[in-house]
Amino acid sequence: MTTKETIGQLVTLLDVGDLKRLEPAKLRAKSEELVVLLQTAAPKIGLKTPTLEDLVQ
Amino acid sequence: VIGRRRPDRQAACFASRRLAMSAVALLVILATPTTRAFPVSGDETVLPAGTELNDDALDRPREIFTSEAVGGGKSYLVNLGDLAFTAPSILGGAARQAGISCATCHVNGASNPKLYVPGMSSRAGNFDTTGALFNPRTDNGVLDPVTVPSLRGARYLAPYGHDGRLGSLRDFVRSVIVNEFAGPDPSPAILDAMVTYIQDIDFLPNPKLGPGGRLTARAGDAEHRGEALFARPFPNDPTLSCAACHVPSAAFVDHRQHDVGSGGLFKTKTLLNADFNAPYFHDGRYDTYEEVVAHFDRTFDLGLSPRDRRDLVAYLAAVGDAERPYEPDGVDAQLKEINDVASVLATAVPARDGKIIALAVDTVGRELRELAEHFPDRRDTAVSGGREQRGLARLALKELVLSLRRIDVAAAAGNFDEAAAEYQNYRSRLAGAVRPLKAAEPWSLFNPAIHDAHYAAMRQLFQTANKAAARSPR
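So the protein sequences, as listed, match chains A and B.
Our numbering applies: residue 465 is where the first sequence begins, and numbers increase by one.
Our numbering applies: residue 78 is where the second sequence begins, and numbers increase by one.
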């Protein structure tokens with residue numbers, strides 16, 4: 465699964481128009497997947513792996 | 078985020094960082110479960126406004142397991158069953174959407190006397206299992222709620238269901254998942270595990286009861302007099318007595334259904350640990366033993382004197398008692414539960430069982446996020462102090478969530494060696510998280526003062542929001 469595909473899936477999951485129709489479990493899983501993908505990709509393009517601590521500060 | 082800021086990489090770094098921050102922001106937003114807020118107040122979830130799940134309780138029913146009580150440990154199957162019991166994804170429809178699992182109603186395998194769903198409950202502690210909300214296909218068109226039974230000692234308590242309609246616990250668990258909560262048909266492995274888990278939940282010990290369900294010397298005079306009355310034949314039908322159905326030597330049940338004037342045939346309920354199972358009767362119509370005894374006195378014309386009634390109530394209270402029925406919720410209790418259910422990964426990863434891995438990652442991740450919400454973030458103005466500690470605790474837990482997700486991502490890609498390595502990383506991170514979590518505990522919602530301040534502020538927030546919504550034109 466590529467980052468672009470994951471973002472596309474996230475967009476689809478969010479495109480519901482009504483909060484009650486959101487699928488929270490799928491959305492959480494997919495958003496976590498995206499973060500994991502970015503953390504995995506970062507060193508491959510010469511970046512330091514981002515951590516939550518870094519990003520929140 | 079940015080290691081070496083080289084000009085040709087800055088744009089890429091910035092884009093990457095923005096993306097990562099967006100993802101993390103999304104994670105932070107999503108980290109607040111929709112059902113966490115008590116009581117659910119507004120139309121932001123699939124549950125009706127005013128729903129009370131009691132998930133902010135400071136104390137939780139104590140849960141003991143037969144396998145541990147005999148000096149052993151919980152098996153893989155017990156932990157897998159516990160995991161499934163805690164997983165909203167086992168259920169379907171509105172329950173799954175709202176994040177409700179079996180454990181929402183059967184808290185630590187016991188009951189949930191505060192559970193209340195408007196339109197589905199007639200009072201706190203009961204719930205209509207044939208209503209429209211969770212499975213419209215089983216909606217029978219009437220409000221006929223039943224209490225949430227405790228599952229302690231369930232292996233001794235067949236048949237199952239208030240009316241005792243199913244003799245098999247396995248059939249009953251499947252029926253609850255598929256029919257009552259519109260879930261997908263569970264796999265045989267999951268059903269086996271859930272039954273194994275439920276069968277391992279034991280009654281809490283009661284020092285007032287000895288062999289054969291007889292009172293011990295620890296019981297008082299009134300309780301002993303009540304015991305005699307309990308076994309005394311009914312005046313109008315000497316074949317009947319309380320003890321004839323609630324057989325003391327058989328966990329106080331007879332495995333049969335009876336009409337006791339409550340509107341039909343219902344199975345005999347156990348009296349063990351029943352002090353903590355109110356409200357009583359299948360529909361929860363009575364709050365107290367006094368009311369229960371009065372019902373039987375009236376229905377069966379027992380002719381009890383006021384003292385007889387008091388003695389019977391004392392006896393019921395003695396039989397229904399337990400050692401330490403509740404325990405305070407806290408970091409230790411939460412981590413033990415999380416550790417136990419996450420341990421299924423130690424078997425599922427080497428077994429290359431992708432479905433169980435995904436179930437564990439989703440469910441344990443959810444538990445970790447809920448635990449993170451016990452440490453109010455810096456925006457919570459109701460809580461002062463321990464800001465740094467709270468922040469570190471939240472971050473440690475969110476890193477654990479990501480660590481778990483890496484296991485699932487690796488397993489989904491068929492990289493089970495990598496998944497095994499990630500599981501070891503998760504274990505190490507979990508061990509490392511204990512210290513920041515314990516350090517932040519005094520400023521967490523496990524502290525009653527913090528808990529009360531936090532929820533008072535939330536209540537006020539909801540009231541303000543509801544007033545604003547009521548004023549705004551639709």
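The beta carbon of each residue, even a glycine, is placed where N, CA and C say it ideally should be.
Would you please verify whether the beta carbon of residue i is less than 8 angstroms from any beta carbon of chain B?
i, result
"Val499(A)", "yes"
"Lys468(A)", "no"
Rounding to the nearest angstrom, what Cα-Cα distance links residue i and residue j in this structure?
i, j, result
"Val500(A)", "Asn502(B)", "14 angstroms"
"Ser252(B)", "Ala235(B)", "15 angstroms"
"Phe373(B)", "Val390(B)", "12 angstroms"
"Arg482(B)", "Leu422(B)", "12 angstroms"
"Asp406(B)", "Ile415(B)", "13 angstroms"
"Phe353(B)", "Leu228(B)", "12 angstroms"
"Arg512(B)", "Phe452(B)", "14 angstroms"
"Ala554(B)", "Gly260(B)", "This structure gives no information on residue 554(B), because the portion of chain B shown stretches from 78 to 551."
"Arg362(B)", "Gly340(B)", "12 angstroms"
"Ala516(B)", "Val155(B)", "31 angstroms"
"Thr143(B)", "Leu292(B)", "22 angstroms"
"Ile177(B)", "Glu444(B)", "12 angstroms"
"Thr128(B)", "Val438(B)", "28 angstroms"
"Gly481(A)", "Gln174(B)", "16 angstroms"
"Glu368(B)", "Pro356(B)", "10 angstroms"
"Tyr153(B)", "Thr424(B)", "8 angstroms"
"Gly208(B)", "Arg214(B)", "9 angstroms"
Report, in whole angstroms, the separation of the C-beta atoms of residue i and residue j, which I expect to be a contact under 8 angstroms.
i, j, result
"Thr349(B)", "Gly397(B)", "Looking at the sequence provided, one finds Leu at residue 349(B) rather than Thr. Right, their Cβ atoms sit about 7 angstroms apart."
"Gly263(B)", "Ile254(B)", "The residue asked about is misnamed: residue 263(B) is Pro in this sequence, not Gly. That belief holds up - the Cβ atoms of Pro263(B) and Ile254(B) are roughly 6 angstroms apart, short of 8 angstroms."
"His323(B)", "Phe329(B)", "4 angstroms"
"Leu246(B)", "Tyr237(B)", "6 angstroms"
"Arg504(B)", "Glu476(B)", "Not a contact, Cβ separation roughly 13 angstroms."
"Phe343(B)", "Asp240(B)", "6 angstroms"
"Leu436(B)", "Gln411(B)", "Actually they are not in contact, since the Cβ atoms of Leu436(B) and Gln411(B) sit about 19 angstroms apart, beyond 8 angstroms."
"Lys484(A)", "Val123(B)", "5 angstroms"
Check whether the Cβ atoms of residue i and residue j sit closer than 8 angstroms, and answer yes or no.
i, j, result
"Asn400(B)", "Asn283(B)", "For the record, residue 400(B) in the displayed sequence is Glu; it is not Asn. Yes; because the gap between Cβ atoms is below 8 angstroms, this pair is in contact."
"Phe258(B)", "Gly169(B)", "yes"
"Leu220(B)", "Val194(B)", "no"
"Ser480(B)", "Ala489(A)", "no"
"Ala487(B)", "Ala473(B)", "no"
"Thr440(B)", "Ala266(B)", "no"
"His359(B)", "Val223(B)", "yes"
"Asp388(B)", "Ala299(B)", "yes"
"Arg242(B)", "Val184(B)", "no"
"Arg455(B)", "Arg464(B)", "yes"
"Ile278(B)", "Glu404(B)", "no"
"Phe162(B)", "Gly230(B)", "no"
"Thr365(B)", "Gly338(B)", "no"
"Ile433(B)", "Leu130(B)", "no"
"Asp159(B)", "Asp417(B)", "yes"
"Glu496(A)", "Val478(B)", "yes"
Which bits of chain E does residue i rub up against, with CB to CB less than 8 angstroms?
i, result
"Val441(B)", "Reference to chain E is not applicable here, since the protein chains of this structure are A and B."
Taking Cβ positions only, does residue i come closer than 8 angstroms to chain A?
i, result
"Ser178(B)", "no"
"Leu436(B)", "no"
"Ser166(B)", "yes"
"Glu478(B)", "Note on identity: in this sequence residue 478(B) is Val, with Glu being the wrong assignment. True, the Cβ-Cβ gap to chain A drops below 8 angstroms."
"Val421(B)", "no"
"Val558(B)", "In the structure as shown, chain B starts at 78 and stops at 551, and residue 558(B) therefore has no counterpart that could be examined."
"Arg483(B)", "yes"
> Is the number of C-beta pairs between the segment 445-459 of chain B and the segment 519-533 of chain B that are closer than 8 angstroms three or more?
Replying inline: Contact holds: three or more Cβ-Cβ distances are below 8 angstroms.
> Taking one C-beta from the segment 299-315 of chain B and one from the segment 184-202 of chain B each time, how about it: are there three or more such pairs within less than 8 angstroms?
Replying inline: No: fewer than three Cβ pairs fall under 8 angstroms.
> Is it a yes or a no for the segment 180-192 of chain B touching the segment 492-507 of chain A, going by three-plus beta-carbon pairs under 8 angstroms?
Replying inline: Taking 8 angstroms as the limit for Cβ pairs, the verdict is that the segment 492-507 of chain A does not touch the segment 180-192 of chain B.
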